[in-house]
Amino acid sequence: MKPLGIIDLTLIFPHLSQCIRLKVEFVVMDSCTTNYFILENNYLSIYGIDISNQKDRYFTIGDNKRQKVGFLNNKKQITVIKNEETSPEKDFFTAEQLREAEFNHELLEKMKEKLIDLLLKYKNVFATDNKPLGAIIGHELDIIRNVKKPYPPLLRRPAYPASPRARESLEVHIKELMVLGVLSKVGRNEQVQVTTPVIIT
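Last residue of the sequence shown: number 262 in my numbering, and the count goes up by one each step with no gaps.
Set out below in structure tokens:
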């Protein structure tokens, strides 16, 4: 049997001499063959409650065993609060690999959880330290960065002015990439190994 969740119920044992009110936390099980509440003995022994499920279902309280009180069947449906199923792998994936991810604020919590589950299922397609280009099979690339002289011919080409139309398109594209966080301005004090400057004149 699989636990579905937990519920908090208040049980009242009415009696002529005294009434007992118990607030008990129950675990709801899947595919359970009985429709009864299963109580631990510590709930009952504290108040001297004896429950009999023989021919007639009744209970007694305290030393008065002659005063028997019967049970009534209750068919009222109960809403179960399900426990969130978490796993260490999902927690690590959310905390580490999705720590810089931003989700649409219009997504409901259930939609966000489904999206995280989908990303976790296909996590191998994303770029990692060992696979900087993601899970690419058959199209692997080896990128060699040449940062020492003599530079290759493409890096030694002189600067050339862009046409007004190309300059306008390039400005729009660069602004979009900066808004998305793909590009950022490099300050004078930043030490970077490789840069590809774009100077718009």
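All C-beta atoms, glycine included, are put in the ideal place defined by N, C-alpha and C.
query = Is the Cβ-Cβ distance between Leu-65 and Phe-87 less than 8 Å?
reply = no
For Leu-168 and Leu-179, the rounded distance between their alpha carbons = Taking the straight line joining both Cα atoms gives about 15 Å.
Helix, strand or coil at Thr-244 [DSSP, three-state] = Reading the sequence as shown, one finds Leu at residue 244 and not Thr. In this structure, Leu-244 counts as coil in the three-state DSSP scheme.
ask   = Where Lys-63 and Asp-91 are concerned, what is the direct C-alpha to C-alpha distance, given to the nearest angstrom?
value = 5 Å
key: For Val-91, the three-state DSSP class (helix, strand or coil)   = Before going on, a small fix: residue 91 reads as Asp here, not Val. Coil, per DSSP.
request  = Note down the Cα distance separating Lys-209 from Leu-216, rounded to an integer number of angstroms.
outcome  = 11 Å
message = Tell me which residues share the same chain as Leu-231 and place their Cβ nearer than 6 Å to its Cβ, disregarding the 5 neighbours each side in the sequence.
response = Non-local beta-carbon contacts of Leu-231 in its own chain, meaning distances under 6 Å to residues more than five positions away in sequence, are absent.
task = Provide the residue(s) that pair with Lys-84 in DSSP beta bridges, ordered along the chain.
result = Thr-71, per the DSSP bridge assignment.
query = Roughly how many angstroms separate the alpha carbons of Arg-226 and Glu-170, rounded to a whole number?
reply = 45 Å
ask   = Considering only C-alpha positions, which residue in the set Gln-158, Glu-174, Pro-211 and Glu-163 is nearest to Val-186?
value = Gln-158
task = Identify, in the order they occur along the chain, each residue of the same chain with its Cβ nearer than 7 Å to the Cβ of Thr-155, setting aside the five sequence neighbours on each side.
result = Ile-177
query = How long is the line joining the alpha carbons of Val-89 and Ile-67, rounded to whole angstroms?
reply = 6 Å
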